[in-house]
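2 protein chains.
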Amino acid sequence: MTYICIMYEKKLPVDLQCGLHLFMEVMSGKWKIALIWCIHLGIKRPGELHRRIPKASRRILDTQLKQLTTLGIIDKTVFEQLPLKVEYELTALGETLIPVIETTAQWGEKHRAILEPFFLNPAVK
Amino acid sequence: MTYICIMYEKKLPVDLQCGLHLFMEVMSGKWKIALIWCIHLGIKRPGELHRRIPKASRRILDTQLKQLTTLGIIDKTVFEQLPLKVEYELTALGETLIPVIETTAQWGEKHRAILEPFFLNPAVK
DNA sequence: TCAAGTACGGCTAAATTTAGCCATATCAGA
DNA sequence: TCTGATATGGCTAAATTTAGCCGTACTTGA
Numbered sequence: 001m002t003y004i005c006i007m008y009e010k011k012l013p014v015d016l017q018c019g020l021h022l023f024m025e026v027m028s029g030k031w032k033i034a035l036i037w038c039i040h041l042g043i044k045r046p047g048e049l050h051r052r053i054p055k056a057s058r059r060i061l062d063t064q065l066k067q068l069t070t071l072g073i074i075d076k077t078v079f080e081q082l083p084l085k086v087e088y089e090l091t092a093l094g095e096t097l098i099p100v101i102e103t104t105a106q107w108g109e110k111h112r113a114i115l116e117p118f119f120l121n122p123a124v125k
Numbered sequence: 001m002t003y004i005c006i007m008y009e010k011k012l013p014v015d016l017q018c019g020l021h022l023f024m025e026v027m028s029g030k031w032k033i034a035l036i037w038c039i040h041l042g043i044k045r046p047g048e049l050h051r052r053i054p055k056a057s058r059r060i061l062d063t064q065l066k067q068l069t070t071l072g073i074i075d076k077t078v079f080e081q082l083p084l085k086v087e088y089e090l091t092a093l094g095e096t097l098i099p100v101i102e103t104t105a106q107w108g109e110k111h112r113a114i115l116e117p118f119f120l121n122p123a124v125k
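Residue numbers (the UniProt record's numbering), protein chains in the order written: chain A, 1 to 125; chain B, 1 to 125.
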């Protein structure tokens, strides 16, 4: 079966020589980290995810959830009942991401004091 | 001293609750991983970096080198001689990134077989 | 003096991602 | 029957990042 994927069809080639590029391709997307982490914490339903991440529009959360599903990081279960009920959960592959995320998060926390000022006020040093 | 930073001045706020967001902010940029890794391997001069990463334009490499410098990941040394000579090297902060990069790269390599097809041929399953 | 090397900046267009609006359908409860 | 909750899609504009062109200045060597 052939179908149009929701991933933007890139006109410029992607480089994947190094494994970190693969990681970055998976994680890049403004809300993917938050989504993965919320699902890891047990927040499974799209409505509740949206309430937990209120700054993101419903639209972009859907888009990125779909991308993560396509990549095999999360699974989507549609309960065939009315009203519709949907749940997301991490796949086995998604679970392997958790310790890696923790490693990078620890790095970020450790150096937060140095890094944060540049992002909060990038125009002035 | 106040100066205009080369970072794009964002009109939408950035979220940094979690340390992983800090890591992602530092690493995001198409060529930053390659730049950090090359510098880690001892390739120090801008011209040689460009020859090692020929697919990137000189312009964008300069831009991302400057961003990494601003963030304190690399240091730039200008030798006051003519013709000009410039060298980059990792700062202490940049060095702390190496084991983290290795962790994420290992994750990517381990799952390359599953992930790669989605990026190489995203339009068809 | 011309080409080629060093390094750097301005500027604009293209590519890519994100935001935000409007609309669908079904169900439960007031 | 009106409101609000469930979940989802089409579409376009805005925001952001990357690519690519042209130009600067200095040096060395042919």
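A virtual CB, placed ideally from N, CA and C, is assigned to each residue, including glycine.
- Contact between the region 31 to 45 of chain A and the region 70 to 88 of chain A is present: three or more C-beta pairs spanning the two stretches fall below 8 Å.
- For Leu61 (chain A), the nearest beta carbon of chain B is not closer than 8 Å to its own beta carbon.
- Contact between the region 20 to 35 of chain A and the region 48 to 55 of chain A is present: 3 or more CB-CB pairs across the two stretches fall below 8 Å.
- Note on Val100 (chain A): 16 or more other CB atoms within 10 angstroms of its CB, so buried under the neighbour-count rule.
- For Ala105 (chain A), the neighbours in chain B by C-beta distance under 9 Å run, in chain order, Cys18, Gly19, Leu20, His21, Leu22, Phe23.
- For the region 49 to 77 of chain A, the set of residues with a beta-carbon nearer than 8 Å to any beta-carbon of chain B comprises Lys55, Thr70, Leu71, Gly72, in chain order.
- For His111 (chain A), the chain B residues whose C-beta falls within less than 8 Å of its own C-beta are Leu22, Leu93, Thr96, listed in chain order.
- Residue environment for Gln81 (chain A): exposed (fewer than 16 other C-beta atoms within 10 angstroms of its C-beta).
- When DSSP states are grouped into helix, strand and coil, Thr91 (chain A) belongs to the coil group.
- By the 16-neighbour rule on beta-carbons within 10 angstroms, Ala105 (chain B) is buried.
- Neighbours of Leu115 (chain A) in chain B, taken as residues whose beta carbon is under 7 Å from its own, are Leu22, Val26, Leu71 in chain order.
- Between Leu22 (chain A) and Gly108 (chain B), the C-beta gap is smaller than 8 Å, which places the two residues in contact.
- Residues of chain B whose Cβ lies closer than 8 Å to the Cβ of Ile101 (chain A) are, in chain order, Leu20.
- Separation of Glu25 (chain A) and Leu84 (chain A) (C-alpha to C-alpha, rounded to the nearest whole angstrom) is 31 Å.
- Going by C-alpha positions, Ala92 (chain B) is about 16 Å away from Lys44 (chain B).
- As computed with DSSP, Lys76 (chain B) is found in a beta bridge with B:Tyr88.
- Straight-line spacing of the CA atoms in Glu116 (chain A) and Gly19 (chain B) works out to 10 Å.
- Per the coordinates, the alpha-carbon of Leu97 (chain B) lies some 27 Å from the alpha-carbon of Leu41 (chain A).
- When rounded, the separation of the alpha-carbon atoms in Val86 (chain B) and Val78 (chain B) is 5 Å.
- One finds Cys18, Leu20, His21, Met24 in chain B with Cβ atoms closer than 8 Å to the Cβ of Ile33 (chain A), taken in chain order.
- The beta carbon of Pro46 (chain A) sits closer than 6 Å to the beta carbons of Val86 from its chain, once the five residues preceding and following it are set aside; these are given in chain order.
- Judged by DSSP in its simplified three-state form, Arg52 (chain A) adopts helix.
- Here the C-alpha atom of Lys110 (chain A) lies approximately 19 Å from the C-alpha atom of Thr69 (chain B).
- Separation of Glu48 (chain B) and Thr63 (chain B) (C-alpha to C-alpha, rounded to the nearest whole angstrom) is 16 Å.
- Rounded to the nearest whole angstrom, the C-alpha separation of Leu90 (chain A) and Ala113 (chain A) is 32 Å.
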